[in-house]
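Numbering (the working numbering), first residue to last: 6 to 141. Glycine residues also receive a C-beta, built at the ideal position from the N, C-alpha and C atoms. Given the structure is predicted, the values throughout are model-derived calculations rather than measurements. Have a look at the structure below before the remarks.
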Amino acid sequence: MKEQRRECINPTIGKQIYIEIFDAGINRRLATLSREHEAHIRACPYCGPLVPAWKIKAGGRLADAERMLAAAKAGRAEVLHRREGDLDMYFKRNTPASSAGLMVKTKGGDEIISIDETSIENFEHPRVSNPSECEE
Ligand SMILES: [Zn+2]
């Protein structure tokens, strides 16, 4: 039986993405992925499923995210929650007066699919990835 292996469709770009995400994680900054990288993540059967996991591990924020989810379950008001389709989104401000905070998305209850340092605006009005990007 032939082993079904998913392979990266462009290992050069795949490696760049991996390096960028880990470097960002080590230096506690947001990963900046170019359009080419983002397009690769969408198209590549190997990198696509891996990138969310890389981001979570590299970001070093998993413990923060788990604390947030526990606080949300305990009904703590500082953790905001909204639901979009099958995603549950949580947001906690860094400080009560700050618009910046941590956003955690989960699927199916407990599976964390992304952890992002972002702003309350992005939590309340997420940019929907839409081929016909309409700017205001
Ligand atoms: Zn790839």
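Closer than 7 Å: residue i CB and nearest ligand 1 heavy atom
i    : result
I26  : no
H130 : no
H45  : yes
Sheet register partners of residue i (DSSP bridge)
i    : result
E116 : K112
A105 : S124
Enclosing alpha helix (DSSP H) for residue i [first to last residue]
i   : result
L35 : Premise fails: L35 is in no alpha helix (DSSP H) and is neither H nor E.
E25 : P16 to I31
R72 : L67 to K78
Cβ-based burial, residue i [other Cβ within 10 Å; buried from 16]
i    : result
L107 : buried
F128 : buried
E43  : exposed
D93  : buried
E138 : Low local confidence applies: a pLDDT of 44 at E138 is under 50, so the model's placement there is unreliable, with the coordinate-based value given in what follows. Exposed.
H45  : buried
R66  : buried
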